[in-house]
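Participant: My questions all concern the structure below.
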Amino acid sequence: MKTPMRSDRRHLLLGGAAALVAAVVLRPGAALALTEDQAKSLIGKAVTDVNTAIASGKTGPALYTMFEDLYMQYADVPTIARSVLGTAARTASPAQMQAFTLAFRGYVSRKYGKRFREFSATRFEVVGARKVKTFIEVKSIAYMPGEAPFEVLWHVSDKSGKNLFFNMIIEGVNMLAAERTEIGAMIDARRGNLDQLIADLKTAQ
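So the sequence shown is numbered by my numbering: it starts at 197 and just counts up by one.
Listed below in structure tokens is the structure:
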């Protein structure tokens, strides 16, 4: 059986959701205190907050600011920035990492915030959760108008000291890895010039 072609609309929406909620890179050895019920509750709250932002009536920079605030609330931003930067993070100075983190945060908010209103009717139904190694995987079904329902797996951890999302798997597509690939291509196009990437991200949409 052939795999149905995935919709660009759903990937844009869910890529944005992943960007807003993606968080920690797991560190082994710490005990998992997070429960399945807590993970499911966190997902419900995050989705509610995103929908509230969409329904606020705000547009443009005002809406982007709301999404940026959500990103800061639900994500370990310095850690996700280091993760998506990949090998370039190993040689970046502390000042460069700080600048990249700020630029990436704004870029993500603009990139996805400007399109979220198109998907305000999308609904997620949480249908289960299970422990997977050092995190909780929450299974949900996404209902998007004009699309067949599809599975979204949410990975939640407390390794940062807070309960946070760190990844989403959408019909087999790892969204954190997708962001890392995109940023990697951007820095390759600039021949590894991190300062140029930072400057460009400040205005990129």
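Just so you know, even glycine gets a beta-carbon here, dropped at the ideal spot from N, CA and C.
Would you list the residues sitting across from I366 in a DSSP beta bridge?
Facilitator: Position 170 of the sequence shown, counting from 1, holds the residue named residue 366. Paired residues: V348 and V369.
Participant: What residue does the alpha helix (DSSP H) around A166 start on, and which one ends it?
Facilitator: Absent from the model: residue 166. The displayed extent of the chain is 197 to 401, so no value can be given.
Participant: Give the DSSP-derived three-state secondary structure of L230 in the structure shown.
Facilitator: Start at 1 with the first residue of the sequence shown, and residue 230 comes out as number 34. L230: coil per DSSP, three-state reduction.
Participant: Who does I332 pair with in a DSSP beta bridge?
Facilitator: Position 136 of the sequence shown holds residue 332. Looking at the DSSP assignment, I332 forms a beta bridge with K327 and V352.
Participant: Put A338 into one of helix, strand or coil per three-state DSSP.
Facilitator: The sequence position of residue 338 within the sequence shown is 142, counting from 1. DSSP places A338 in strand when its eight states are reduced to three.
Participant: Taking the straight line between their C-alpha atoms, what separation do you get for R301 and R326?
Facilitator: Working through the sequence shown from its first residue, we reach residue 301 at position 105. Working through the sequence shown from its first residue, we reach residue 326 at position 130. Looking at the two C-alpha atoms, the distance is approximately 30 Å.
Participant: Let's test the definition: count the other Cβ atoms within 10 Å of the Cβ of N389 and tell me whether it reaches 16, buried, or not, exposed.
Facilitator: For the purposes of this step, residue 389 is taken as residue 193 along the sequence shown, with counting starting at 1. Answer is exposed; the Cβ neighbour count stays below 16.
Participant: Just the Cα atoms here: how many angstroms apart are Q294 and F331?
Facilitator: By one-based count along the sequence shown, residue 294 stands at place 98. By one-based count along the sequence shown, residue 331 stands at place 135. When rounded, the distance between both Cα atoms is 27 Å.
Participant: Taking the Cβ atom as the reference point for each residue, do N359 and L266 lie within a distance shorter than 8 Å?
Facilitator: For the purposes of this step, residue 359 is identified with residue 163 of the sequence shown, where counting begins at 1. For the purposes of this step, residue 266 is identified with residue 70 of the sequence shown, where counting begins at 1. Not closer than 8 Å, so no.
Participant: Residues bridged to V360 by DSSP?
Facilitator: Stepping through the sequence shown from its first residue, residue 360 is reached at position 164. The residue asked about is misnamed: residue 360 is Leu in this sequence, not Val. S353.
Participant: Buried or exposed: K329, going by 16 or more other Cβ atoms within 10 Å of its Cβ?
Facilitator: Position 133 of the sequence shown holds residue 329. Exposed, by the Cβ-count rule.
Participant: My output table needs one value for A285: the three-state DSSP class, helix, strand or coil.
Facilitator: Taking the sequence shown and counting its residues from 1, one reaches residue 285 at position 89. DSSP places A285 in helix when its eight states are reduced to three.
Participant: Does E375 pass the burial test, meaning 16 or more other C-beta atoms within 10 Å, or should it be called exposed?
Facilitator: Within the sequence shown, numbered from 1, the residue matching residue 375 stands at position 179. When all chains shown are included, E375 counts as buried.
Participant: Please classify M268 as buried or exposed, where buried requires at least 16 other C-beta atoms within 10 Å of its C-beta.
Facilitator: Here residue 268 refers to the residue found at position 72 of the sequence shown. The residue in question, M268, is exposed, as its Cβ has fewer than 16 Cβ neighbours within 10 Å.
Participant: Could you give the first and the last residue of the continuous alpha helix (DSSP H) run that contains K307?
Facilitator: The residue you call residue 307 lines up with position 111 of the sequence shown. P290 to G309 is the span of the alpha helix (DSSP H), which, as asked, contains K307.
Participant: Would you please state the rounded distance, in angstroms, between the beta carbons of K398 and A299? I believe it to be under 8 Å.
Facilitator: For the purposes of this step, residue 398 is taken as residue 202 along the sequence shown, with counting starting at 1. For the purposes of this step, residue 299 is taken as residue 103 along the sequence shown, with counting starting at 1. About 5 Å; that satisfies the 8 Å criterion.
Participant: Can you tell me the Cα-Cα spacing of L179 and A317, whole angstroms?
Facilitator: Because residue 179 is not part of the residues shown, which for the chain are 197 to 401, the question remains open.
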